[in-house]
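Residue numbers (my numbering): 1 to 335.
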């Protein structure tokens, strides 16, 4: 399920870039495009819908979810005077808690609507002649199936919590990783060339990079690992401030994870690590395969960090120049 959605969204992204190209080199705001792609992947996996596409029937649902997620993030990063002077809570100073209670009601109502909609869809499918192959598989659907078997362990509140966690942690962090990686490659064109050569050597001509190809691209994985290392809260290893993907060549990251922990480990390890890594690798590799990329101007990309959020984003959205590779024009025109 997730592999198909990732592949579809990666194809949609490069098709959108190709159709917007009209000769020469074109500047593009990559952050916004990567956000739309990642958001579509998450919404597609969870509820089986798409929000940011040419013909989108669920734009309103997507915008409502984005608004809720934005409102949720604000109380987490703001400092309340009540934290330092608890007595102010008696008079409702700033109304922070009141706003959070209101937000909780709004959030729960939205998530309950998603669950009710999925229940209704499942009932419709069960009452018709829909085959197993035709049934749309979603994470909400899988959780509801488990709920039927173990209702005492999977209440609606538990399901809403799982869904919310996927939306809040699965979108921004993936987008930021892609943006940091592309920025680093633009500042290190020799590494971008190495990645492109690896892709050209391992992907059959006339085909786009797919999930099944990723295992044959160790250098692409090294780029992702190095991005997660350099642009983590505390840079690690030898020459910590130098972007050097080669440091991970020959390392079994899965087995030697205790030396490199961007996703944590053990019971506290990130359950979405595999999903995020595959999404970043597929999108990053597809962009490298299909287009020539350059910095906008002579100066290097500004790698200043934005310290105002819960995740480490770039202070300035990434803008880059691109043009289709001559060898990929025919394939891109057929998408």
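Built from N, CA and C at the ideal position, the CB exists for glycine as well.
Distance, residue 281 Cα to residue 20 Cα: 24 Å
- request: Confirm, please, whether the CB-CB distance from residue 198 to residue 220 is below 8 Å.
  value: yes
- prompt: Applying the criterion that 16 or more other CB atoms from any shown protein chain within 10 Å of the CB defines a buried residue, is residue 65 buried or exposed?
  reply: buried
- request: Please work out which residues of its chain come closer than 8 Å, Cβ to Cβ, to residue 332, disregarding the five sequence neighbours upstream and downstream, and give them in chain order.
  value: 14, 15, 18, 290 and 324
- request: Give the DSSP-derived three-state secondary structure of residue 324 in the structure shown.
  value: strand
field: Three-pair Cβ contact test at 8 Å for the stretch 207-223 versus the stretch 242-252
entry: yes
- request: Take residue 119 as the anchor and find which of 249, 140 and 191 has the nearest alpha-carbon.
  value: 140
message: Measuring straight from C-alpha to C-alpha, what distance separates residue 299 and residue 320?
response: 12 Å
- prompt: Mind pulling the alpha helix (DSSP H) runs of 4 or more residues that sit fully within the stretch 136-171?
  reply: 139-149 and 156-170
- request: Reducing DSSP to helix, strand and coil, say where residue 49 ends up.
  value: coil
- prompt: Excluding sequence positions up to five away, which residues of its chain have a Cβ less than 6 Å from the Cβ of residue 312?
  reply: 305
task: Rounded to whole angstroms, what's the CA-CA distance from residue 239 to residue 250? Just pull it up for me.
output: 18 Å
message: With DSSP as the reference, identify every bridge partner of residue 316, one or two as the case may be.
response: Note: residue 316 sits in no beta bridge, so no partner.
Candidates 202, 225 and 185, of which the one nearest residue 215 by Cα: 202
field: Terminal residues of the alpha helix (DSSP H) in which residue 287 lies
entry: 273-290
field: Reduced DSSP secondary structure (H/G/I, E/B, other) of residue 27
entry: strand
- prompt: What distance in whole Å lies between the Cβ atoms of residue 25 and residue 294, which are believed to be in contact at a cut-off of 8 Å?
  reply: 7 Å
field: Counted within 10 angstroms of its Cβ, other Cβ atoms place residue 283 as buried (16 or more) or exposed
entry: buried
- prompt: Between which two residues does the alpha helix (DSSP H) harbouring residue 200 extend?
  reply: 189-202
CA-to-CA distance, residue 226 to residue 112, given in whole angstroms: 40 Å
message: Just to check my reading of the structure: residue 108 and residue 160 have Cβ atoms closer than 8 Å, yes? What is that Cβ distance to the nearest angstrom?
response: 7 Å
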